[in-house]
Each structure stands twice: as C-alpha cells, then as structure tokens.
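A.B. asks: I have a structure here, written as structure tokens, and I will follow up with some questions on it.
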Amino acid sequence: AQTVTQSQPEMSVQEAETVTLSCTYDTSESDYYLFWYKQPPSRQMILVIRQEAYKQQNATENRFSVNFQKAAKSFSLKISDSQLGDAAMYFCAYRTLNSGGGADGLTFGKGTHLIIQP
Amino acid sequence: EPEVTQTPSHQVTQMGQEVILRCVPISNHLYFYWYRQILGQKVEFLVSFYNNEISEKSEIFDDQFSVERPDGSNFTLKIRSTKLEDSAMYFCASSESGVLNEKLFFGSGTQLSVL
C-alpha cells in the first residue's frame, strides 16, 4: 500500500524568508504523480503544485518549487519569499493508476501547519 | 474561479441516525469524489464517481455509505446508521476528466458530529 509521510506537524517562518516542507512516500509503482495541496482557514484545499514521477526536472510555480528525489522517494516543497497569505495546512499527496487503469484516489499525508511570522 | 459547494457546513446527528451530505460540483466536471478527515488524522479517500456509478472506493466505504447524483447538479453522500467514529470533516471534490495528473477542486467540507 502507498503511504505518504509528513514528518513536520508544524513549521514557522519569518515573512519574506524561505521555508521547506518535507514529504516522503512509499510506493512500488513506477507511474505516479505527486501533489502539494494548501488548506487555508477557509478549509477548501487548493492545488499548489504537481510533479510527474517520470520528469526529472523539478516543478516550479512562481514562489513555490519542489525538490523531487525519486530514488529517495522524497518530495519537498520550498516556499520562497513567504507571505502572510501562505499560512495554512499543507498536504503532500500521491496518486497512481488503479487496477482498472483509471486514476486512483489521492493518498494524503497528515499535513504540516505553516505559520508565517510577521 | 468556479467552486465546489458543500452543505451544510456543520451537521450534528445522533448515533444511529442517517445523514445526507450534499455537494454541488463544478458544472462541467465529470468526476466526483468524497474524502474525509478525522480530527488529527490524514485526509482519506472514500469514493470516486463517474457516469452515474462508483468508479473506485476505499476499504472505508462499506455498506454503510452510499453516493448518488440525484439530479444534474447535486452529488450526495449518505451515511446510514451513523456511529461515533463517523465524526469527521467530509470533503467533496470534482474534476474534469479523471486523468492522473489533473487538479481536483475541493469544497470547504461538512463537519459531521455524531453524538
């Protein structure tokens, strides 16, 4: 079974600084996608960034980037120039194909609560 | 940006009662999902739904649960004979095409409390 582990229940960073959130996963699949979702106080989860397992190049979306280490099964999220609006729960998630060839449900980690200090 | 809407935001029920959680997915989406998050635990996949039938379900989604798209806009999760351990935040999500890399759009959740 696939598992996703986020070892940091909470992280704190000063505004404008850079922070890295850790995520590791366990799978025997070769084709999969990894995601970071943000859950602000409004509770609605929002996709931040995604990475295909076959792509060696790390994904980037503006201030958000990932460090994808496939051999180590690591998928960390880096937030540069942190802003107050980045304060949220961040969930790492994994998705692969099911036995029928369709997309499986997302497998989430427990989340990291990110605090931005002004 | 279009949103997935969930009602109610909070639901309190007595153990043994049936509850129906409601969701309005984004109008042109074809795939619908339910996830739940027990307090302090991971967000867990329950079920995915496409073309008026379940396409995938987890071990959690047993005979106590059912899903339905009763009309062209709503997507519901029914929990029969609720138990204390069903207390959780339930999230509905929808997506366009069900492919592996696509973005899921989540609602703001329904907090279910079983007393």
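Which chain is which? The protein sequence lines are A and B, in order. Quick note: the first sequence uses this note's numbering, first residue 83, plus one each step. Quick note: the second sequence uses this note's numbering, first residue 31, plus one each step. Note that CB positions come from ideal geometry on N, CA and C, so glycine has one too. Since the model is a prediction, treat every value here as computed from it, not as a measurement.
Report yes if the C-beta distance between A169(A) and F190(A) is below 7 Å; otherwise report no.
C.D. replies: Within the first sequence, residue 169(A) is the residue found at index 87, counting from 1. Within the first sequence, residue 190(A) is the residue found at index 108, counting from 1. Contact: no.
A.B. asks: Going along chain B, which residues have a C-beta under 9 Å from G187(A)?
C.D. replies: On the first sequence, residue 187(A) is found 105 positions in, with the first residue counted as 1. Here the neighbours are Y63, Y65, E74, F75, L76, V77, S78, E86, K87, S88.
A.B. asks: Return the Cβ separation of I131(A) and F146(A) in integer angstroms, given the expectation that the two are a contact with Cβ distance under 8 Å.
C.D. replies: Stepping through the first sequence from its first residue, residue 131(A) is reached at position 49. Stepping through the first sequence from its first residue, residue 146(A) is reached at position 64. Confirmed, about 5 Å.
A.B. asks: Pairing CB atoms from the region 47–66 of chain B with CB atoms from the region 102–116 of chain B, are three or more of them under 8 Å?
C.D. replies: Between the region 47–66 of chain B and the region 102–116 of chain B there are three or more inter-stretch CB-CB distances shorter than 8 Å, so the stretches are counted as touching.
A.B. asks: Can you round the beta-carbon distance between V77(B) and A185(A) to whole angstroms, since I take them to be within the 8 Å contact cut?
C.D. replies: Within the second sequence, the letter at position 47 stands for residue 77(B). Within the first sequence, the letter at position 103 stands for residue 185(A). Not confirmed; about 13 Å, so no contact.
A.B. asks: I'd like to check one pair, T100(A) with Q84(A): are the Cβ atoms closer than 7 Å?
C.D. replies: For the purposes of this step, residue 84(A) is taken as the residue at position 2 of the first sequence. For the purposes of this step, residue 100(A) is taken as the residue at position 18 of the first sequence. Result no, Cβ atoms of Q84(A) and T100(A) do not sit closer than 7 Å.
A.B. asks: Would you please verify whether the beta carbon of L129(A) is less than 7 Å from any beta carbon of chain B?
C.D. replies: Within the first sequence, residue 129(A) is the residue found at index 47, counting from 1. Closer than 7 Å to some Cβ of chain B, the Cβ of L129(A) qualifies, so yes.
A.B. asks: Tell me the residue span of the beta strand (DSSP E) that contains E92(A).
C.D. replies: Start at 1 with the first residue of the first sequence, and residue 92(A) comes out as number 10. Taken as a continuous stretch (DSSP letters only), the beta strand (DSSP E) holding E92(A) covers 92–96.
A.B. asks: Give the residues from the region 133–163 of chain A that approach chain B closer than 8 Å (Cβ to any Cβ), ordered along the chain.
C.D. replies: E134
A.B. asks: In this structure, does DSSP put D163(A) in helix, strand or coil?
C.D. replies: Translated into positions along the first sequence, residue 163(A) becomes position 81. Looking at D163(A) - three-state DSSP - the assignment turns out to be coil, as it is neither helix nor strand.
A.B. asks: Could you give the DSSP three-state label for E89(B): helix, strand or coil?
C.D. replies: As a first step, residue 89(B) is located in the second sequence; it is residue number 59 there, counting from the start. Note: E89(B) maps to coil in three-state DSSP.
A.B. asks: Does DSSP put D186(A) in a helix, a strand or coil?
C.D. replies: The residue labelled residue 186(A) in the question sits at position 104 within the first sequence. DSSP places D186(A) in coil when its eight states are reduced to three.
A.B. asks: In angstroms, rounded to a whole number, what distance separates the CA positions of S164(A) and Q41(B)?
C.D. replies: Numbered from 1 along the first sequence, position 82 holds the residue referred to as residue 164(A). Numbered from 1 along the second sequence, position 11 holds the residue referred to as residue 41(B). Computed Cα separation, rounded: 36 Å.
A.B. asks: Counting only Cβ-Cβ distances shorter than 7 Å, please list the residues of the region 94–127 of chain A near chain B, keeping chain order.
C.D. replies: Y115, S124, R125, Q126, M127
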